[in-house]
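The sequence shown begins at 1 in my numbering and counts up by one. Note that CB positions come from ideal geometry on N, CA and C, so glycine has one too. Read through the structure below, which is laid out as structure tokens, and then see the notes.
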Amino acid sequence: MGRVLIGNDHGAVELKQRIVRHLEKRGFTVVNRGVNSDDAVDYPDIAQDVCEEFLAARHAEEDSFDFAILACGTGIGVSISANKIHGIRCALPQNIFSARMAREHNDVNVLAFGGRVEYAEPVEAMLDAYIDSRPEGGRHANRVRKIMELEE
Ligand code: RB5
Numbered sequence: 001m002g003r004v005l006i007g008n009d010h011g012a013v014e015l016k017q018r019i020v021r022h023l024e025k026r027g028f029t030v031v032n033r034g035v036n037s038d039d040a041v042d043y044p045d046i047a048q049d050v051c052e053e054f055l056a057a058r059h060a061e062e063d064s065f066d067f068a069i070l071a072c073g074t075g076i077g078v079s080i081s082a083n084k085i086h087g088i089r090c091a092l093p094q095n096i097f098s099a100r101m102a103r104e105h106n107d108v109n110v111l112a113f114g115g116r117v118e119y120a121e122p123v124e125a126m127l128d129a130y131i132d133s134r135p136e137g138g139r140h141a142n143r144v145r146k147i148m149e150l151e152e
């Protein structure tokens, strides 16, 4: 089965634990680079560490990750930070529909969630929607290519 890299700040410790449990139940190996206590850390550092490890593993083609997950209080700080890193496309889905679209249309490689957010639909269901869908390609692949050209 697949491998997932996850990182979180102090605002999302419980959510991270929930996500890890869910992914392991689905058969994924999860590598945890997040914090496990309420001691304050800076979310850009977590986002940078996770994204750089994700990209390095992809380039090495050994022990690469299927995707990565970042979590902070809102998910906003980690998603902004992740999207500054070349090669990362990070989505901050708010429901099952946008989690599926994040894969089918945007082909994101990182998902962000907020540990202090009251989602109307469970994060586990959003994760399942992402995991169980595939990039649609075609015109969407062309748009994703254009997104990546914005990094040039
Ligand atoms: C930390 O207090 C909080 O700012 C952080 O977890 C996140 O919500 C930032 O976007």
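Report yes if the CB atom of residue i is closer than 7 Å to the CB atom of residue j, and no otherwise.
i: C51; j: A12; result: no
i: V110; j: I88; result: yes
i: A99; j: Y130; result: yes
The alpha helix (DSSP H) with residue i in it runs from where to where?
i: A125; result: 123-131
i: V13; result: 13-25
Considering just the uninterrupted stretch of the beta strand (DSSP E) at residue i, what are its terminal residues?
i: I69; result: 67-72
i: L111; result: 110-114
i: E5; result: The identity of residue 5 in the sequence shown is Leu, whereas the question assumes Glu. L5 -> beta strand (DSSP E) spans 3-8.
Would you say residue i touches ligand 3, meaning its beta carbon is less than 6 Å from a heavy atom?
i: D38; result: Only ligand 1 can be found as ligands here, which leaves ligand 3 out of the picture.
Straight-line CA distance for residue i to residue j?
i: Y119; j: K16; result: 15 Å
i: D63; j: D132; result: 21 Å
i: G7; j: G138; result: 32 Å
i: D185; j: N32; result: The structure shown has nothing for residue 185, since the chain only spans 1 to 152.
Three or more C-beta pairs below 8 Å linking the stretch 89-106 and the stretch 55-65: no
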